[in-house]
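4 protein chains.
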Amino acid sequence: MHMAISVAVSGASGYVGGEVLRVFSEHPDVDFGALAAHSTAGDALGLHQPHLRTLADRTIVETSPENLAGHDVVVLALPHGTSGQIAAQLPPETLVIDCGADHRLASAEAWAEYYGGEHSGTWPYGMPELITGDGHQRDNLPGTTRIAVPGCNVTAVTLALQPGIAAGVVDPTDIVAVLANGYSGAGKKLATNLLASEGLGAASPYGVGGVHRHIPEIVQNLTSAGGEDIRLSFTPTLVPMARGILATVTAPLASGVSADEVRAAWERAYADEPFVHLLPEGQWPTTAATLGANTCLVQVTVDQKAGRVVVISAIDNLVKGTAGAALQSMNLALGLPETTGLQTLGVAP
Amino acid sequence: MHMAISVAVSGASGYVGGEVLRVFSEHPDVDFGALAAHSTAGDALGLHQPHLRTLADRTIVETSPENLAGHDVVVLALPHGTSGQIAAQLPPETLVIDCGADHRLASAEAWAEYYGGEHSGTWPYGMPELITGDGHQRDNLPGTTRIAVPGCNVTAVTLALQPGIAAGVVDPTDIVAVLANGYSGAGKKLATNLLASEGLGAASPYGVGGVHRHIPEIVQNLTSAGGEDIRLSFTPTLVPMARGILATVTAPLASGVSADEVRAAWERAYADEPFVHLLPEGQWPTTAATLGANTCLVQVTVDQKAGRVVVISAIDNLVKGTAGAALQSMNLALGLPETTGLQTLGVAP
Amino acid sequence: MHMAISVAVSGASGYVGGEVLRVFSEHPDVDFGALAAHSTAGDALGLHQPHLRTLADRTIVETSPENLAGHDVVVLALPHGTSGQIAAQLPPETLVIDCGADHRLASAEAWAEYYGGEHSGTWPYGMPELITGDGHQRDNLPGTTRIAVPGCNVTAVTLALQPGIAAGVVDPTDIVAVLANGYSGAGKKLATNLLASEGLGAASPYGVGGVHRHIPEIVQNLTSAGGEDIRLSFTPTLVPMARGILATVTAPLASGVSADEVRAAWERAYADEPFVHLLPEGQWPTTAATLGANTCLVQVTVDQKAGRVVVISAIDNLVKGTAGAALQSMNLALGLPETTGLQTLGVAP
Amino acid sequence: MHMAISVAVSGASGYVGGEVLRVFSEHPDVDFGALAAHSTAGDALGLHQPHLRTLADRTIVETSPENLAGHDVVVLALPHGTSGQIAAQLPPETLVIDCGADHRLASAEAWAEYYGGEHSGTWPYGMPELITGDGHQRDNLPGTTRIAVPGCNVTAVTLALQPGIAAGVVDPTDIVAVLANGYSGAGKKLATNLLASEGLGAASPYGVGGVHRHIPEIVQNLTSAGGEDIRLSFTPTLVPMARGILATVTAPLASGVSADEVRAAWERAYADEPFVHLLPEGQWPTTAATLGANTCLVQVTVDQKAGRVVVISAIDNLVKGTAGAALQSMNLALGLPETTGLQTLGVAP
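If you read the sequences in order, they're chains A, B, C and D.
So in this note's numbering, spot 281 of the first sequence is number 281, and the numbers just go up one at a time.
So in this note's numbering, spot 268 of the second sequence is number 268, and the numbers just go up one at a time.
So in this note's numbering, spot 1 of the third sequence is number 1, and the numbers just go up one at a time.
So in this note's numbering, spot 19 of the fourth sequence is number 19, and the numbers just go up one at a time.
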């Protein structure tokens, strides 16, 4: 038996849209309907996504409420500030999954400060593994018809640190996160600093000094996990890879906590998670091991001299960081097994 | 219903072995038995293949006939010159798939000249799309219990040019092939020229001047496709990517042939192939579009001034170039649909 | 004693302009005057060329005849089709060095066919090592006040093959050249295929099938070196490096010529060249060895079975391919020692 | 007039040795004597350092006190633990410059803890810009005949943070440093994790959790700059580039200090430094801008919400991080102008 789920994708010619098509294609029940975009409407999809052979001959249609109507699921892969408008024109019973930032933040003040403009409202947050007061965010997703997919950097940092926050073994008031980021996180937009000539052989930071838009979202998550008075220094750096995030996250070791208690906190948090894997002691994550997969690899240790817990996580920004989280959340929303169609094998080397 | 096919893999801690595990994992009927290697025997697989999460806790066993016995299929991912010995100790009814070079060449003289040492014999060749006198190589695979998987460079060049050879629209006596190659084709062996410091930001040739071991295999294939008196200049070059082969192959336009006839030859050859795709006119292959997929992308044009047909093909050396070809051939040998479990979506960007 | 040569650079915020500034800075007699550009005029140079610390505080001025006037030397690093106009407004006694294509071709027909538009005329060609009927192109440069700097691909292919053409040991009627190219050759322009996300981990061809604008220039050079009825198949491919060209060039071995005669031709041609180095037998060029240097590394061999001579050359497209050739030619034009201020040590690894 | 300084280099076939040869070649007074190594002795240097054209024909000699004797300067580019022995056999009046770790640490206890084995003693430290109690380390170098060149990561972190420590505007008891590192920092040794296939497209950490050998050296330096009770969390990560270090260093803002006071501290510290450049506000360092140059680019800001000062520095690990520091220190030791022969122009893009 095949339960067909019709899925429309808006932003189909971009990197996030392309990855949604790739990842959702592996789901046994998904049938694609409209593949929509704006400036590329009318083109064959294969012109912009030559790696998606099964969809190469499909024609891109204009992003419009009419074209997106009539599907079970609509995935929006649009620049922030634009999905709110589209979503408002879709019926309430359609499952709308927003890969953009518009509906992630609960705080309208935080939205105004970091993004500017009017807040589009808050949707159920598509990070099933997020620890909440009484369980996990996955408990809040069944039956929802609106899902806000987390930011990719946010996923890497949240999954790295939340076990320590929830267990109270780290001090949440002085977190420092530094990330090595692949270029696809910046999207397909044309900018000099995103050119291959600039990126090849170079490392460079961006959004330094507390201004990056992912900060309030990380604070929101770590607060959900039980942290109070979260303070976070957050610095992403572009390095020469197309995909991947390696997050190095440190926080002060809470007073009187042993290294064994630290490790136990992470083991407990992720023992049953299908996609978040604490590696054996001594083995550290590499982004290569997550390429193309919906996995997050984590390792933790205590630096006693520095008085800090050091956690490193690796994800593929376009899968666990975006399209995989979208599909995982869709499964939960529709009452399917959470892992359906999701890949745990990375493409390495 | 699940028809379990038990598969053992020898060389499981190397790049080819790891890719066999990744690609065969996606086959609905495959169950892995022994994962064997030599110097890493006793280790958890995850130490050497951290991307293969579902197999990370499996213990690597020693490569021995005892450990490999009792499986439906044994895949050998070993250095050339070693698989002949192992294969000889496996029962004739076991399907043995050799990813190495030992059993590819029909000519013992060619083996002696290019590889040296004794020839291990010739097995049915695992390139289903290869054009033969009266059909395709896929016709020769059902029921076989021995398969020689083609070399990766060989696959890229053969699939690029064979339509023109078979149709007689190119002159086979002066072929020139230059390849851009990712580093994984060289395997996991430790050598100074394979270090990241050497490879990053650099392009360098290897095996120049008619000495590369893939030459007699390409000649053998193009002869199968109908070429006589094949002569081939072949130069691979290492470029800074982990995977992928981009082959630029040119041959003189046969006398009196039009550009339309050239295009028609390629269209006809690949119209029904599930994994070899002639792109729309004007779109050229990029290796990125094949990453992780069992696809070969091809484009062809005629350079009238130069009097040459120019063909460019792109493959993932570890998938269509090795592990995917192995699985595709296994399907044929076992009487399963040829495309079972094989991926056509690349991981890009 | 310091003989000051005042140099203005137009296009100072681009890649070629930046490299002209870097390379000319190492010349003991050069003093920079106007650093001109168009869209970046008014900015500090360091904003666009952060690697040029000694010039970081200089202000970019508008590209205008007024701003460029009054210098001993004006270097134009502009898109093709624009330098002709500017040059026409500079005094005849000013040494104008055009890094663009406008003045390279002797044939107005070739210009019309490959570039389109009106031909700006032909200037003395800035490739000192080019073999001419009775010597080298360096003999034609002293005293000139106009220099057309060669194209970077052209330099790689010409220097690779001209010894064989001049000595008559290769057949010039069926040359095949395939190049691995770094991204900076495409300049700083914003285009999707030049994004880091597209380029990282991928190889892709461009300008395939006899349409690349560097073809007539290569033909012109090889004709200068003594070739008749030159025919050339030419395919550049983008690979993940910021700089560098590795050219694999093959041509049929002329009838009755021995491998020793082939090697002797290359040895003779480059024995006294300060920047073009034939490597010891068995050692092949890598682009890494030329990074930042005005060198061209070459190796040649004979593939007897294929009946072809195979030559591989490596250059830094921005140095020997552009800015270094400009400085070397300037030295000759001004009567200075040809090697003054030019670097032969590459930056590796 | 030419004051010839004869320089011998031990470890000439490695990455550090090769860079010493490249960088010292640009010094007007340096003449190379013995080029020594061990396993490559007898080879032409060009076989191992093909980018050093002017030295390509020199023969590598065995590393022995006899071969190193009789030079004005001996540069040791050897694995740690081996230079102490060699140095002991060189005359006291020879200037010995050790690029390895053996003589950097003042504390024998720190040596024993992080490196193990016997401490070889402490030599004057080759970081001219290091702030000391009453000036800079450059004041201690004139006339010395022994120099310990700093570690590359140490240089990036020290130069990033010392202005804030010296000015008392940051709290030194909770420093967090995360680095993006190019592969050449690991040297030419053969190890699986240093292969191109592993490094291309991947980011991975090493030496995590307070065990990295550069930690005590950084603590020593920041103590020199005036810090007390230094505590440092330090995590280097390998990213796909051959050269370069991007260090993201944060420390708590000291109580009552304004953002202006922070900036003023960095401006004051580096206003007169020839090689350490604080960028204009808003411009952040990229490693590309330092490639091949003896420069360190720095930017600083205050993250008020996080309560931390964030500093980012970029260097070329082989130049400012090693060979350039060696030459700069040699100049000081020999009474030459500190900047003689040192490059400030990076090779970009």
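Note that the Cβ used here is the ideal one computed from N, Cα and C, for glycine as well.
Remember, it's a predicted structure, so these values are computed and weren't measured experimentally.
Identified DSSP bridge partners for residue i
i: P252/B; result: R308/B
i: Q299/D; result: I312/D
i: Y125/B; result: A148/B
i: S204/D; result: L238/D
i: F32/B; result: V7/B
i: V37/B; result: What sits at residue 37/B in the sequence shown is Ala, not Val. Beta-bridge pairing links A37/B to E62/B.
i: T132/B; result: G135/B
i: L161/A; result: The partner list for L161/A (beta bridge, DSSP) is empty, contrary to what the question assumes.
i: L332/B; result: According to DSSP, L332/B bridges with nothing at all.
i: I97/C; result: V75/C and I147/C
Within chain D, partners of residue i - CB distance below 7 angstroms
i: M241/B; result: L200
i: G292/C; result: G292 and V347
i: T295/C; result: R53
Within chain C, the residues that residue i reaches when beta carbons sit closer than 7 angstroms
i: G84/B; result: Going along chain C, no residue has its Cβ under 7 angstroms from G84/B, so there is no contact; the nearest lies around 26 angstroms.
Any chain B beta carbon closer than 8 angstroms to residue i
i: T192/D; result: yes
i: M1/A; result: Caution is warranted here: a pLDDT of 46 is assigned to M1/A, below 50, making its placement in the model unreliable, and the coordinate value is therefore given only provisionally. No, M1/A does not count as interfacial toward chain B.
i: A326/D; result: no
i: H51/A; result: yes
8 angstroms Cβ cutoff, residue i in contact with chain C
i: S184/D; result: yes
i: S13/B; result: no
i: E19/B; result: no
Closer than 8 angstroms to chain D by CB, residue i
i: D72/A; result: no
i: A196/B; result: yes
i: K320/B; result: no
i: T235/A; result: yes
Contacts that residue i makes with chain A (C-beta to C-beta distance below 9 angstroms)
i: Y270/B; result: Result: empty, since nearest Cβ-Cβ is about 12 angstroms, beyond 9 angstroms.
Contacts that residue i makes with chain A (C-beta to C-beta distance below 8 angstroms)
i: S25/B; result: L345
Where residue i meets chain D, residues with beta-carbon distance less than 9 angstroms
i: R22/C; result: L345, G346, V347 and A348
i: S47/C; result: Here residue 47/C turns out to be Leu, not Ser, going by the sequence shown. In chain order: P280 and Q283.
Interface residues of chain A facing residue i [CB-CB closer than 7 angstroms]
i: K305/C; result: The premise fails here: K305/C is roughly 33 angstroms from chain A at the closest Cβ pair, so nothing lies under 7 angstroms.
i: A288/B; result: H51
i: R138/D; result: Those do not exist, as R138/D stays about 29 angstroms from chain A at its closest Cβ, beyond 7 angstroms.
Partner residues on chain B for residue i, Cβ-Cβ distance less than 7 angstroms
i: I312/C; result: P205 and V208
Short CB-CB distance (under 8 angstroms) between residue i and chain A
i: V75/D; result: no
i: A148/D; result: no
Chain-ordered neighbours of residue i on chain B, where CB pairs are closer than 8 angstroms
i: G244/C; result: G201, A202 and A203
Exercise for the section: Tell me, please, whether the region 256-268 of chain B touches the region 182-202 of chain B by the rule of three or more beta-carbon pairs shorter than 8 angstroms. Expected result: no
Practice task
Give, in chain order, every unbroken run of the alpha helix (DSSP H) that is at least 4 residues long and sits entirely within the region 51-80 of chain B.
Solution key: 65-68
Practice task
Pair every Cβ in the region 32-43 of chain A with every Cβ in the region 6-23 of chain A, then say whether three or more of these pairs are closer than 8 angstroms.
Solution key: yes
Practice task
Could I get the ranges of all uninterrupted alpha helix (DSSP H) runs contained in the region 217-292 of chain A, with 4 residues as the minimum, in chain order?
Solution key: 259-270
Handout entry: Stretch-stretch touch, CB-based, cutoff 8 angstroms, three pairs: the region 106-117 of chain A with the region 289-301 of chain A
Key = no
Exercise for the section: May I have a chain-ordered list of the beta strand (DSSP E) segments no shorter than 3 residues that lie completely inside the region 164-213 of chain C? Expected result: 175-181
Handout entry: Stretch pair the region 221-239 of chain B + the region 144-163 of chain B: three plus CB contacts closer than 8 angstroms
Key = yes
Exercise for the section: May I ask you to verify whether the region 281-291 of chain D touches the region 309-316 of chain D, counting CB pairs closer than 8 angstroms and requiring at least 3? Expected result: yes
Problem - Inter-stretch contact at 8 angstroms, needing at least 3 Cβ pairs: the region 64-74 of chain A / the region 84-95 of chain A - result: yes
Problem - Stretch pair the region 204-214 of chain A + the region 133-152 of chain D: three plus CB contacts closer than 8 angstroms - result: no
Exercise for the section: Specify whether the region 182-190 of chain B and the region 237-246 of chain B touch according to this definition: at least 3 beta carbon pairs, one from each stretch, less than 8 angstroms apart. Expected result: These segments touch.
Problem - Given 8 angstroms, three or more beta-carbon pairs between the region 45-55 of chain D and the region 65-82 of chain D - result: With the cut-off at 8 angstroms, the region 45-55 of chain D and the region 65-82 of chain D do not touch.
Practice task
Would you be able to state if there are at least three C-beta pairs under 8 angstroms between the region 329-340 of chain C and the region 39-49 of chain D?
Solution key: no
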